[in-house]
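Heads up: the protein sequence lines correspond to chains V and C, in order.
For the first sequence, the working numbering assigns the number 20 to the initial residue and increments by one for each residue that follows.
For the second sequence, the working numbering assigns the number 27 to the initial residue and increments by one for each residue that follows.
Below you'll find the structure, written out as C-alpha cells, and then a few comments.
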Amino acid sequence: MTIDEFRTRVESHKAEASQHILGALDANALEEQRTHVWSRTVQQSFSKALGELPADDRREAGRLFNELKVHVEAVLESRRAEIASLQHALDKPKLDLTMPARARWRGGKHPVTLVIDEIVAIFRELGFTVALGPESESEWYNFSALNFPADHPAMDMHDTFYLGEGALLRTHTSPVQIRTLQSSPPPIRILAPGTVFRRDPFDASHAPAFAQVEGLAVDEGISFVDLKATLTLFAQKFFGKTRTRFRPSYFPFTEPSAEMDVECRLCGGRGCSACKGTGWMEILGSGMVHPSVLEAAGIDSERYTGWAFGMGPGRIAMLRYGLPDIRLLYDSDIRFLEQVAE
Amino acid sequence: MNASVAWLNAFVRGSHTAEQLRDLITAHTATVEEMIALRDDLAPIVIARVVEEALHPDSDHLHITKVDAGTGELLDVVCGAPNVTAGKMYPFAPTGTTMLDGKKIEKRKIRGQTSNGMLCSARELGLGEEHEGIMELDLDVAPGTPFLQVMPVGDSRLVVDVLPNRPDLLSHLGVAREVAALTGASLAFPDIGVSGIEIHQPKRFRRAGNAGGIVMHLEDSKLATRYMGVVIRGVKVGPSPTWLVDRLTAVGSRSINNIVDASNYVLHEIGQPTHAFDFNKIDPDPKMPEKTIVIRRAKDGETLTTLDGAKRILTADMTVIADSSNPIALAGVMGGADTEVDDHTTDLFVEVANFDTGRTRRTRRAAGLSTDASYRFERGVDVTLAPMALYRVTSLIIALAGGTVAEPPIDLYAGDVPRAPIVLRTSRVARVLGVALEASRIAELLTGIGCVANVEAGDAAIHVIAPTWRQDITAEVDLIEEIARLHGYDALPGDIRPYRPGTTTDAPLWTTAARLRDTLSAAGLLEARPTPFVSGGEQHVRVLNPLAENEGYLRRTLLESLVRRAEYNLTHMQGNIRLYEIGAAFERGEDGLPTETTRVAALIMGDREPTHFTNSKPAQMDAWDAKSLAERIAHVAASGAELRPGNGNDDLLWEIVVDGQVRGHVSRVTLDAPVWASPAFGIELELGTMFNGDLAAPGQHAHGAAVEMPKRPVTKYRPLPAMPASEFDLALLVPGGVNAADVEGTIRRAAGELLERLVAFDVYDGAGVEAGHRSVAWRLTLRHPERTLRDKEIEGRRSKILSVLQTELNVRQRTS
Numbered sequence: 020m021t022i023d024e025f026r027t028r029v030e031s032h033k034a035e036a037s038q039h040i041l042g043a044l045d046a047n048a049l050e051e052q053r054t055h056v057w058s059r060t061v062q063q064s065f066s067k068a069l070g071e072l073p074a075d076d077r078r079e080a081g082r083l084f085n086e087l088k089v090h091v092e093a094v095l096e097s098r099r100a101e102i103a104s105l106q107h108a109l110d111k112p113k114l115d116l117t118m119p120a121r122a123r124w125r126g127g128k129h130p131v132t133l134v135i136d137e138i139v140a141i142f143r144e145l146g147f148t149v150a151l152g153p154e155s156e157s158e159w160y161n162f163s164a165l166n167f168p169a170d171h172p173a174m175d176m177h178d179t180f181y182l183g184e185g186a187l188l189r190t191h192t193s194p195v196q197i198r199t200l201q202s203s204p205p206p207i208r209i210l211a212p213g214t215v216f217r218r219d220p221f222d223a224s225h226a227p228a229f230a231q232v233e234g235l236a237v238d239e240g241i242s243f244v245d246l247k248a249t250l251t252l253f254a255q256k257f258f259g260k261t262r263t264r265f266r267p268s269y270f271p272f273t274e275p276s277a278e279m280d281v282e283c284r285l286c287g288g289r290g291c292s293a294c295k296g297t298g299w300m301e302i303l304g305s306g307m308v309h310p311s312v313l314e315a316a317g318i319d320s321e322r323y324t325g326w327a328f329g330m331g332p333g334r335i336a337m338l339r340y341g342l343p344d345i346r347l348l349y350d351s352d353i354r355f356l357e358q359v360a361e
Numbered sequence: 027m028n029a030s031v032a033w034l035n036a037f038v039r040g041s042h043t044a045e046q047l048r049d050l051i052t053a054h055t056a057t058v059e060e061m062i063a064l065r066d067d068l069a070p071i072v073i074a075r076v077v078e079e080a081l082h083p084d085s086d087h088l089h090i091t092k093v094d095a096g097t098g099e100l101l102d103v104v105c106g107a108p109n110v111t112a113g114k115m116y117p118f119a120p121t122g123t124t125m126l127d128g129k130k131i132e133k134r135k136i137r138g139q140t141s142n143g144m145l146c147s148a149r150e151l152g153l154g155e156e157h158e159g160i161m162e163l164d165l166d167v168a169p170g171t172p173f174l175q176v177m178p179v180g181d182s183r184l185v186v187d188v189l190p191n192r193p194d195l196l197s198h199l200g201v202a203r204e205v206a207a208l209t210g211a212s213l214a215f216p217d218i219g220v221s222g223i224e225i226h227q228p229k230r231f232r233r234a235g236n237a238g239g240i241v242m243h244l245e246d247s248k249l250a251t252r253y254m255g256v257v258i259r260g261v262k263v264g265p266s267p268t269w270l271v272d273r274l275t276a277v278g279s280r281s282i283n284n285i286v287d288a289s290n291y292v293l294h295e296i297g298q299p300t301h302a303f304d305f306n307k308i309d310p311d312p313k314m315p316e317k318t319i320v321i322r323r324a325k326d327g328e329t330l331t332t333l334d335g336a337k338r339i340l341t342a343d344m345t346v347i348a349d350s351s352n353p354i355a356l357a358g359v360m361g362g363a364d365t366e367v368d369d370h371t372t373d374l375f376v377e378v379a380n381f382d383t384g385r386t387r388r389t390r391r392a393a394g395l396s397t398d399a400s401y402r403f404e405r406g407v408d409v410t411l412a413p414m415a416l417y418r419v420t421s422l423i424i425a426l427a428g429g430t431v432a433e434p435p436i437d438l439y440a441g442d443v444p445r446a447p448i449v450l451r452t453s454r455v456a457r458v459l460g461v462a463l464e465a466s467r468i469a470e471l472l473t474g475i476g477c478v479a480n481v482e483a484g485d486a487a488i489h490v491i492a493p494t495w496r497q498d499i500t501a502e503v504d505l506i507e508e509i510a511r512l513h514g515y516d517a518l519p520g521d522i523r524p525y526r527p528g529t530t531t532d533a534p535l536w537t538t539a540a541r542l543r544d545t546l547s548a549a550g551l552l553e554a555r556p557t558p559f560v561s562g563g564e565q566h567v568r569v570l571n572p573l574a575e576n577e578g579y580l581r582r583t584l585l586e587s588l589v590r591r592a593e594y595n596l597t598h599m600q601g602n603i604r605l606y607e608i609g610a611a612f613e614r615g616e617d618g619l620p621t622e623t624t625r626v627a628a629l630i631m632g633d634r635e636p637t638h639f640t641n642s643k644p645a646q647m648d649a650w651d652a653k654s655l656a657e658r659i660a661h662v663a664a665s666g667a668e669l670r671p672g673n674g675n676d677d678l679l680w681e682i683v684v685d686g687q688v689r690g691h692v693s694r695v696t697l698d699a700p701v702w703a704s705p706a707f708g709i710e711l712e713l714g715t716m717f718n719g720d721l722a723a724p725g726q727h728a729h730g731a732a733v734e735m736p737k738r739p740v741t742k743y744r745p746l747p748a749m750p751a752s753e754f755d756l757a758l759l760v761p762g763g764v765n766a767a768d769v770e771g772t773i774r775r776a777a778g779e780l781l782e783r784l785v786a787f788d789v790y791d792g793a794g795v796e797a798g799h800r801s802v803a804w805r806l807t808l809r810h811p812e813r814t815l816r817d818k819e820i821e822g823r824r825s826k827i828l829s830v831l832q833t834e835l836n837v838r839q840r841t842s
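What follows is the structure, given as C-alpha cells:
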C-alpha cells in the first residue's frame, strides 16, 4: 500500500462514517453505527495499514489517521448532542389537546330575523324583491286605502295605537302594498317584512309589537291559481314536505280571502292539543287583492289583478325553537340570544 | 259562534258526524276552531259484562260480582243495584274515574268486600233520572269498549270562527243553510212543538202604532230599521223542558226560565235577538190609557240598572227603550232589571227589533258591555227575519208557558228595500280564479246559497240578486268569492304558471340593514328586537292610548331601548352585554305624523372576550372597542363617514359625521347598574328617513316620479407594491393640547406620498416624561413604488418630519 492509497482509504472512510453517523435517529442507532464505522477493529486495521507503509510516509499517514479520528469523533459527538436534544423535546409533557379552544363571543341575528331571511330567500327565487314602509302611518294607508269599512267590527281585529291627528302605528304591513303600488308600475312582486303593532298587552302568546311579512304580486292575468301555487311551493320549501290546505277567510283588502294551513308541526297532522285536534296549523292569510285596493293606489283593477299574503315570523320562530313564551323574543336575554345564534 | 251538531242535523234532517260538519264548514264557509264532545266526562266509562253475581254475605241488598271490563282479568265489584244480573252488559266506571257529581271512583272495601269500580245507573252518568237500577245495555260489543263509542249520547259543540263579513252565520239557521247548500240537503225548521199555534198578522206602521194596550214609538229611524212588539197575557213562568235545556247547554248558554230560554233559543236558532219585558212592570203613561214604549236616544246622565245588576249612567251615544218616563232597556245590548221577567210574571211585552249596527256598536262601547244580542246587531241582522222570529218566540212561549195573544203584533218598519241585481261576468270569474267555470255551474252554486241567478243568453253574464241575509254581497267580486269557496279552494288547480319579473329592486335600507346584521353578528354582537315604547317625555311622540303609562311614548333613539335591555340582562347577572338593533325611531313631526328614521345602534359592556386558560382575566371593553365598532358600522352603512371627537359633555365620545352632517355618535352610557357592572358604551347611527307621508293623492299613483338610488362607492384596485418598504419608529413628546390627529396630519404632510402607513403603537405618560406631556410612539412605513429607498432619503424624511413637528406643534423627539 502506498501513501496515496492510504489517503484514499482515509478519505473514503471519512465520508462513509459521516453518512452512517448522521443517518442514526436515536441513541441506540448511533451506538450501532459507531461500532460499525469506528470500532477498535476498524481503528486497528488502519494502524496495521499504517505500520506496513514505508517509514518515510508514516509521519504523513499518522497525521491523516489522526485527522480521521478527530473528524469521526466530532461528528459522533455532534450527532449525539442533536439526538439528546431531540429526545429532551420528546420527553417534555405533551400538549393537552382536550383543553378548550380560544373563546370568542358568540354573535348572531335575532331568531325572528333568521326566519324572515329564510322567507325572503325562498320568495327571491320566485322573483320577489324586498320593499319597506314606515311603522308610523296615516289612517288612509293603514285602513281606508285597504278597504276597511269605517266603524265596522272588522276594525276590532286591529286594536290600534293612535298617535293623534290621523296618525297611528301600523297594525299590519299591508300599507306597504299601497305604497308600492303608488310608487312602482306593475308587474309588482314584492315582499315587505316589518314590525306591526296591536294594542295587546304582553302575555305568553301576545305582544304589542311583532314582526309580519307581507307579500304582493300584481300583474295582468294573475289569478287565485297563482296564489295557491306560489304559497304551496313556499310552504314546501320552508317546512319540507307537507300537505297544505286553504280555508275561506275574511280580510277587507282581499277577496276571495284564504288562510293557508300546513300539517301541524308538532304532531305531524295526527292531531294534538297544539292544533286542537285538527292536525292543521295556520301559517298565513292571503287572498286576491280587492279591486278597491288597486283603485285606491291608482291602478286599473279591470286590467290588473293580484294576490297578497301576510304571515307572522315570530310565531314560526316560536314553533321552530320550541319557545313557551313570546316574551323571550323581546327580552333580549343574552343567554337566549346566544343559544339560538347561528 | 257555538253550534250544536244535533241542532244543525235537525235543520237539514241529517245525521252528519261532528267531524264531517267540522271539515265541511271549515273547507267552504268558516273555520271550526274547536270541536267539543259535550259528554267528554263519559270518556273513561267502558262497557263491561257481569260474569258472576252473588249476594253480599254481610248485607241484605248488596251484590258481589265479577266483572269483565276488557282488562284481561275479572274485577271484584260490589254493586247495590237490584237488577244486576250475570251475563248482562252495563256501563262501568273503572277506578280513577271522576263521576259527574265530582265523586272519584277508588278501590275500596264495602262491608269487607273489595270493590274495583262501579257499575252505573243512568242518573250516575247524567243520562236521565233513572236510579233504581243500573243501566242494562243490549249491545253486542267486546267488554272494554268505550261507552261513547257505541252509545249515541251527548251532543258535540262546534266553535265556529265567524268573521265580521258573515253575520248570517251567527245562528244555526245560517250555518245549516251552508250545510244544506254544500250537501244538497233541504232546509227546514226543527220541530219544537209549536205547530197549530196561530198568531194575528202584524200591523205595520212607519214610526208609531198601538195594539194590545201598548203604544210604540220609534223616535228616529236611524236608531232601528225595524221594531216589532207583541203583548202576551196569562203566561206561567217555570222551568224549561229537557230538550230546550239541552239545546242551550250545547251552545254554552244557561237555562233561566221558560220565557228567557225561549228568547235565547230563538237567538241561537235564527240569529234574531228578542227580549221579553214583564208587561206589568212597565210604568203606565199618566196621559194615556195605553202604556208607551219609546225607542229613543238616551239622555246624558239618565240611569238604567241592567239585568246584570249594574247601574249604568247613560250617554247620548246610546239608544234606549223607554216607557213614558224612564229607560227600561239598553237597545240591542241588555234589558233592564226593573222590567225583568220573574216567577210572578203573567203578562209579557216581547220585543223583536233590528237596531242600527253603528249605534249598537257605540252603545256597546259606551256601556262597555258586549252580549250575544249586541254582537249580532253590530254585525247586522237580516231585517226580514223579524216576523219569523216574532212568530217563533211567541209561539214557543205559548207552547211552554201558556198565555194568549189578544191583539195583532205591531211592526214599525218602512218596508223591504229591493236589492239591486249584480252583473257577474263569467270572463271575470275565470280571470280572478284562474279557471273557467260554466255559467250553469256558477248559477247553481249561487242559487244554493239563496241567490236569484239569471244566466244571460250566451253565458257571458249572470244577473244575480243576493239574499237579504247576505248584505256583505254587493259587488261582482263578492260573488266571485262565493263561487270560489263553494266550488272549493281545494278543487282549484295549484300549478305554477309563468310570471313576469317585478319592476322594483330591493329597498336600499333593507340591503344596508342586512349587511350591518352580518357585520355586527360576526363581531360577536347579538341582535335585539325590543318594542319602541318608552316612558319618554315632552320631546317624545305620545301614544294616545298606551298599554301602560311607563310605555306611553315612542323612542327617539334605539339606545333608549337597548339601555333597558342591558339593565334587564344585568338583573339576570349577565354583565357581558353586546346587543345591537336595526329599527325605527320617532321624532315629533309637524302635521301629526312623526318623523320616522331607520337607525342602527349597539351597546357593549363587560369582558372583551370570554375567559380562557390563555387569558384568565380578560380586559373589559372600553372606548376603543366602541370606536372600532363604530368605524365598522360607519364603513358598512355610510361611505365617507368620519368619527369626530365630541367636545362638550363627558358622555359623548365621538360624533359620526356623514357628508358634513352629524348622523350618529359613540357615547358612554349610563345604566341603572349594579356595582359589579363594567362601563357601558353605546353607538347609534341614522341610516335614513322612512317617508310616511302621502306618495300620491288617494286613487292616484306616482309612477313617473324619479326613484333615487343611493350610490355605493366601489373600491378601485391599486397595484400591489413590488419594491421593499422601510420602517422606522418615532417616539415623540407631545405637549398637552396637541392631539393625535394633529400629529398624524403633520407627519403625513411632512412625509409626503412615500408614507404608506402610519400607526401610533404606544402611549406613555409615566415617570421620565416631562410634566404636561405624553410620549406617543409612531411607526412609519415608507415605500417608493418603483425603486428601493436609499438610507439617505429615509434619513432626510425623518429629519424633515421632526423639524416640521417641532416648528408647527412643538412636538419633539423623546430622548430618554
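Backbone N, C-alpha and C fix where the C-beta goes; we use that ideal spot for every residue, glycine too.
Supposed contact pair residue j and residue i - C-beta distance, whole angstroms, cut 8 angstroms
i	j	result
Thr-318 of chain C	Gly-362 of chain C	That pair is no contact at about 15 angstroms.
Leu-518 of chain C	Gly-460 of chain C	7 angstroms
Asp-373 of chain C	Asn-306 of chain C	6 angstroms
Arg-17 of chain V	Asp-516 of chain C	The requested residue 17 of chain V is not part of the displayed model; chain V covers only 20 to 361.
Ile-354 of chain C	Glu-245 of chain C	Between Glu-245 of chain C and Ile-354 of chain C the Cβ distance is about 15 angstroms, and since that is not below 8 angstroms, they are no contact.
Collapsed DSSP secondary structure at residue i in the structure displayed
i	result
Gln-62 of chain V	helix
His-598 of chain C	coil
Gly-708 of chain C	strand
His-294 of chain C	helix
Asp-75 of chain V	helix
Ala-766 of chain C	helix
Val-179 of chain C	coil
Option nearest residue i by Cα separation, candidates the options
i	options	result
Leu-101 of chain C	C:Ser-85, C:Thr-545, C:Val-76	C:Val-76
Ala-120 of chain V	C:Ser-400, C:Thr-640, C:Ser-801, C:Gly-441	C:Thr-640
His-87 of chain C	C:Gly-98, C:Ala-107, C:Asp-677	C:Ala-107
Ala-254 of chain V	V:Gly-290, V:Gly-304, V:Arg-322, V:Ala-103	V:Gly-304
Ala-767 of chain C	C:Pro-671, C:Leu-780, C:Asp-685	C:Pro-671
| said: Please list, in chain order, the residues of the stretch 110 to 128 of chain V that have any C-beta partner in chain C closer than 9 angstroms. | reply: Against chain C - using a Cβ distance shorter than 9 angstroms - the residues of the stretch 110 to 128 of chain V are Met-118, Pro-119, Ala-120, Arg-121, Ala-122, Arg-123, Trp-124, Arg-125, Gly-126, Gly-127, Lys-128.
| said: Tell me which residues of the stretch 524 to 543 of chain C have at least one Cβ-Cβ distance to chain V shorter than 7 angstroms, keeping chain order. | reply: The stretch 524 to 543 of chain C vs chain V, Cβ under 7 angstroms: Tyr-525, Arg-526, Pro-527, Gly-528, Thr-529, Thr-530, Thr-531, Asp-532, Ala-533, Leu-535, Trp-536, Arg-543.
| field | Entirely enclosed alpha helix (DSSP H) segments - the stretch 278 to 324 of chain V, minimum 4 residues | value | Every unbroken stretch of the alpha helix (DSSP H) spanning 4 or more residues and falling wholly within the stretch 278 to 324 of chain V is given here in chain order: 310 to 315.
| request: Check distances from the C-beta atoms of the stretch 64 to 91 of chain V to those of chain C and list, in chain order, the residues that come in under 8 angstroms. | output: Going along the stretch 64 to 91 of chain V in chain order, one finds no residue with a Cβ nearer than 8 angstroms to chain C.
| said: Along the stretch 316 to 333 of chain V, where does the CB come closer than 8 angstroms to a CB of chain C? Name the residues. | reply: So the list reads Ala-316, Gly-317, Ile-318, Thr-324, given in the order they occur along the chain.
| task | Report the residues of the stretch 554 to 571 of chain C with a CB closer than 9 angstroms to any CB of chain V, ordered along the chain. | result | Of all residues in the stretch 554 to 571 of chain C, the ones placed with a Cβ closer than 9 angstroms to any Cβ belonging to chain V are Ala-554, Arg-555, Pro-556, Thr-557, Pro-558, Phe-559, Val-567, Arg-568, Val-569, Leu-570, Asn-571, in chain order.
| Contacting positions in the stretch 175 to 191 of chain V - beta carbon closer than 7 angstroms to chain C | So the list reads Phe-180, Tyr-181, Leu-182, Gly-183, Glu-184, Gly-185, Ala-186, given in the order they occur along the chain.
| task | Below 9 angstroms between beta carbons is the criterion; list the residues of the stretch 443 to 474 of chain C that meet it against any residue of chain V, in chain order. | result | The residues in question are Arg-454, Ala-456, Arg-457, Val-458, Leu-459, Gly-460, Val-461.
| field | Runs of alpha helix (DSSP H) wholly within the stretch 453 to 488 of chain C (minimum 4 residues, chain order) | value | Every unbroken stretch of the alpha helix (DSSP H) spanning 4 or more residues and falling wholly within the stretch 453 to 488 of chain C is given here in chain order: 465 to 474.
| message | Ignoring anything shorter than 4 residues, give me the alpha helix (DSSP H) runs that lie fully in the stretch 504 to 587 of chain C, in order along the chain. | response | Counting only runs of 4 or more, we get 534 to 548.
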